[in-house]
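Mapping of the sequence shown onto the UniProt record's numbering: residues 1 to 182, in sequence order.
Every residue gets a Cβ at the ideal spot worked out from N, C-alpha and C, and that includes glycine.
Please read these numbers as outputs of a predicted model, since none were measured by experiment.
A short worksheet on the structure shown next.
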Amino acid sequence: MQPGAKLPDVTFRTRVRDESIGGPNPYRWEELTTADYFAGKRAVLFALPGAFTPTCSTFQLPGFENGFAEFQAQGIDAIYCLSVNDAFVMNQWAKAQGLANVQVIPDGSGEFTRRVGMLVRKDNLGFGLRSWRYAAVINDGRVEAWFEEPGLCDNHGEDPYGVSSPESVLAWLRDSAQEQAA
1 MQPGAKLPDV TFRTRVRDES IGGPNPYRWE ELTTADYFAG KRAVLFALPG
51 AFTPTCSTFQ LPGFENGFAE FQAQGIDAIY CLSVNDAFVM NQWAKAQGLA
101 NVQVIPDGSG EFTRRVGMLV RKDNLGFGLR SWRYAAVIND GRVEAWFEEP
151 GLCDNHGEDP YGVSSPESVL AWLRDSAQEQ AA
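In structure tokens form, the structure reads like this:
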């Protein structure tokens with residue numbers, strides 16, 4: 001996606017904790033739209049091939065989670081992690097990672113990912129359809145900056161990581177702030 005592009009309008013099927021339900025699984029379905037996540041705020045969105053996978057769990061997600069204060073200092077209101085996984089998987093991954101700052105977005109059907117042009121086949125890993133790794137700075141539902149890993153294709157033999165890293169996005173935010181101040 002190019003800077004200035006509007007994010008596609010998609011409805012995400014999420015599961016949210018609701019103590020009024022009681023029992024061992026007090027969650028209910030809640031539909032949230034692209035606007036619910038991005039309208040009226042400046043956010044970082046990063047997407048990855050799958051919850052619980054090595055690069056995603058070891059570097060990318062923890063980097064955004066641990067760097068949240070630095071992102072806030074650069075004018076970011078929220079950080080979202082999106083994957084073509086269902087709400088159950090995304091919630092369990094968030095819990096396993098001890099997330100307090102990054103919010104997860106389940107794109108279980110891959111609709112959002114398809115509409116931003118990042119849906120790829122990962123049959124070579126037994127994953128099926130998944131997201132290519134990317135990040136973006138989103139300002140009120142529009143792309144401000146796009147960070148896409150090189151080599152976008154189906155069944156890529158590697159898992160490129162660097163362009164969409166928290167360090168790369170943060171460096172862009174700092175540079176952009178300096179340019180605006182000059």
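Coil, strand or helix - residue i by DSSP
| i | result |
| --- | --- |
| Gln2 | coil |
| Glu65 | helix |
| Leu129 | strand |
| Ser109 | coil |
| Glu70 | helix |
Opening and closing residue of the beta strand (DSSP E) in which residue i lies
| i | result |
| --- | --- |
| Arg13 | 11-17 |
| Ala135 | 134-139 |
| Phe88 | Segment 87-97 is the alpha helix (DSSP H) holding Phe88; no beta strand (DSSP E) there. |
| Ala100 | Segment: none, Ala100 is in no beta strand (DSSP E) and carries neither H nor E. |
| Leu82 | 78-83 |
| Val116 | Counting along the chain, Val116 falls outside any beta strand (DSSP E), and DSSP gives it neither H nor E. |
| Ala51 | Counting along the chain, Ala51 falls outside any beta strand (DSSP E), and DSSP gives it neither H nor E. |
Contact belief for residue i with residue j at Cβ below 8 Å, rounded distance in angstroms
| i | j | result |
| --- | --- | --- |
| Thr34 | Leu7 | 5 Å |
Exposure label - residue i; buried when at least 16 CB within 10 Å
| i | result |
| --- | --- |
| Phe88 | exposed |
| Arg28 | exposed |
| Pro166 | buried |
| Thr14 | buried |
| Ile21 | exposed |
| Pro49 | buried |
| Val116 | buried |
| Thr58 | exposed |
| Gly67 | buried |
Residue range of the alpha helix (DSSP H) that includes residue i
| i | result |
| --- | --- |
| Leu173 | 166-181 |
| Tyr37 | 34-38 |
Contacting residues, own chain, Cβ-Cβ under 6 Å from residue i (five flanking each side not counted)
| i | result |
| --- | --- |
| residue 188 | With the chain running from 1 to 182 in the structure shown, residue 188 is simply not present. |
| Asn124 | Asn155 |
| Val104 | Cys81, Met90, Ala94 |
| Pro39 | The amino acid occupying residue 39 in the given sequence is Ala; Pro does not appear at that position. Only Gly141 meet the Cβ criterion. |
Own chain residues within Cβ distance below 8 Å of residue i, not counting five before or after
| i | result |
| --- | --- |
| Gln92 | Ala51 |
| residue 185 | Residue 185 lies beyond the residue range present for the chain, which begins at 1 and ends at 182; the question has no answer from this structure. |
| Pro62 | Gln97 |
| Gly75 | Arg42, Leu173, Ala177 |
Same chain, Cβ closer than 7 Å to residue i, neighbours up to 5 away in sequence not counted
| i | result |
| --- | --- |
| residue 216 | Shown here, the chain extends from 1 to 182; a query on residue 216 therefore has no answer. |
| Phe147 | Tyr134, Ala135, Ala136, Val163, Ser164, Ser168, Val169 |
| Glu144 | Pro3, Val137, Ile138 |
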